[in-house]
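Numbering (my numbering), first residue to last: 33 to 516.
One structure below.
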C-alpha cells in the first residue's frame, strides 16, 4: 500500500518544480492586476504588503475595500477566499472570483485557478496552474513567496525553502521570503542560519512587529524561552494590537510549564481575537494547558466548551478539531473513539470550510480512529478506517494527509511487531511526536542505536505548543540518559 501512495506524492513533488516550458513569458516582470479603479489597485497592493508582513486581518480589510471600490475585481475576491477566516465570507468570495475569472489577464487566471483548485481539493490542477504562473513570471519575487508560503501551510518545508531561495535570488533583501526561509532552517534545526536570517529581517523592518514575533517563535523552537518572551514583548511594544505575539507569549509559558500564567495570557488573546475562528483557535490552546497539568477533567470541560462555541458560530472545522484533540489524551479507547465520532459528525455538517481543510482534518481523525480501534482490538473498524485513509492519501498532495496515513500505518505495524515495515512508514511522519516515539523504539528493537539516538534527540528538542507534544515530549525528556 505504501508504494502506491508514495508514487503519487513523488509525482506531485516532481511536478511542483518543473515549471511549464510551454508557457509564454509575460511581457511584464511581475504579474499584472486587472481593475478599472486606481483606488482599488492601490488598496489591493497595500493589502498584499500587509499579508507579507503578517497583518492578516488588515490584509482582508484591504481586499474587501478593493472589491467595494471595484465590484468586478476578481483577484481581490480570490485573496479574501485564500486568507479569510470566516468560512461563509471565504466561500462567497471564492464563488465570486470564479464568476469573474474570464475578465482577468492570463497570469491572474493562473493564480486564481491555483487558489481555487487547491481549496477545492483539485490538487493536480492547482499545481499545474501554479507551475504555469511561475513560468509566465519567473522574475516575480512575490509569486515565489506566495507559493512557498502555501507549501509551508501543508508542511512541505523542503519545497517551500526552494521557493524562498528563488525569491531571495531575485532580491536578497526581500523581507517576506527572508522570514519564511528562517522557519525552514529552524525546522531542520539549523538555528545558526535561522537566527542569521532573523537578524537581517529585523534590520529590514525595524518598525514592524512581525520580525520580533518570528524571532520569538524561532527562539522558542530552539528552547530559549526567556529570549522568546523578550522578542514577543518587543513586538507588542511596536504594535500592541499584534495579537500573534500575545498568543506567542501564552504558548511560551505553556511550554515552560507555567500553565496558570499561560491561561492568563491566553485570556488576553481570546478577548482581542480579530475573528471568531481565531478566538476558537486560542480557546483550543488554552484548553490544552490543562492537559499539560494532567488535569484531564478540566481539559474535558474546556474542550467541550470550545466545541460548543465553535458549533454556535458555525465553525464546523474548529468544532471537529476540538473533539479530535479531546480524543488524543483519553486513556480509555472507547471514550477516545466516541470523541472521534463526534469530530466526524461535526465535519459532516457540510458547512463552508474548504474541501482541502475538511479532507486534511478528516485524515487526521481517521489516523487516530484507526490506531485507537486497533489498540482496542476492533480489527474490523481499524481495517475499514485504514482503507478510507489510504484512499484519501492516494489522491492527496498534502503532507498533512500523507503524515496521517503513514503515522497510522506505522503504529499498527508496530503493534503487529513488523518493525522494518513500521519504520518505513514512521520515517515519513517525523512531524508527529507519537510517530517519533515509536520510531525511536523501532530503531532500538532493530539494534540501530545511532538512529535511535538521533530520533530521541529530535523528540526531546521538540518545542511546539500541541497536545501531542504535551503527551509525549515531557516524559521522553524525563527518561533522558545521564550524560546526554
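The C-beta atom is built at its ideal place from N, Cα and C for all residues, glycine as well.
Just so it is clear, the structure is predicted and the values come from calculations on it, not from any experiment.
Report the residue from 58, 70, 465 and 411 whose alpha carbon sits nearest the alpha carbon of residue 436. 465
What did DSSP end up calling residue 179 once you bin it into helix, strand or coil? helix
Find the nearest neighbour of residue 255 within the set 270, 199 and 489, judged by alpha-carbon distance. 489
Suppose you measure from the CA of residue 511 to the CA of residue 365; what does that come to, to the nearest Å? 25 Å
C-beta contact flag for residue 395 and residue 378 at 8 Å: no
Rounded to the nearest angstrom, what separates residue 207 and residue 167 at their Cα positions? 23 Å
Using 8 Å as the threshold, is the segment 451-459 in touch with the segment 420-436, meaning 3 or more CB pairs across them? no
Tell me the rounded alpha-carbon separation between residue 304 and residue 90. 14 Å
Contact between the segment 499-507 and the segment 470-489 (3+ Cβ pairs under 8 Å): no
Does residue 38 come out as helix, strand or coil in the three-state DSSP assignment? Because the pLDDT at residue 38 is just 39, under 50, the model does not fix this residue reliably, and the value given afterwards should be weighed accordingly. Reduced to three states, the DSSP call for residue 38 is helix.
Are the Cβ atoms of residue 75 and residue 101 separated by less than 8 Å? yes
Kindly indicate which residue of 313, 321, 276 and 307 has the alpha-carbon position closest to the one of residue 296. 321
Residues of its chain near residue 30, where Cβ-Cβ distance is below 8 Å and the 5 sequence neighbours each way are ignored: Outside the displayed range of the chain (33 to 516) lies residue 30, so it cannot be described from this structure.
Residue 124: which of 383, 245, 449 and 470 sits nearest, CA to CA? 383
Simplified DSSP state of residue 196, which is helix, strand or coil: helix
State the CB to CB distance for the pair residue 339 and residue 354, rounded to an integer number of angstroms; the pair is presumed to be in contact (CB under 8 Å). 4 Å
Output needed for residue 39: all residues of its chain with C-beta closer than 6 Å, excluding positions within five of it in sequence on either side, in chain order. With a pLDDT of 33 at residue 39, under the threshold of 50, the modelled position of this residue cannot be trusted; read the value that follows with caution. Nothing listed; no residue qualifies.
Quick check on the burial criterion: 16 or more other C-beta atoms within 10 angstroms. Buried or exposed for residue 273? exposed
To the nearest angstrom, how far is it from the Cα of residue 348 to the Cα of residue 416? 24 Å
Nearest-angstrom Cβ-Cβ length linking residue 86 and residue 109, presumed shorter than 8 Å: Contact doesn't hold; Cβ gap of about 22 Å is too wide.
Cutting at 7 Å between CB atoms, please list the residues of its own chain near residue 446, excluding the five before and the five after it. 454, 470 and 474
Rounded separation between residue 233 and residue 210 - CA only: 6 Å
If you reduce the DSSP assignment to three classes, tell me which class residue 258 lands in. helix
Exposure label - residue 419; buried when at least 16 CB within 10 Å: exposed
Assuming contact is defined by CB atoms lying nearer than 8 Å, are residue 291 and residue 325 in contact in what I supplied? yes
Three-state class that DSSP yields for residue 57 in the structure shown: coil
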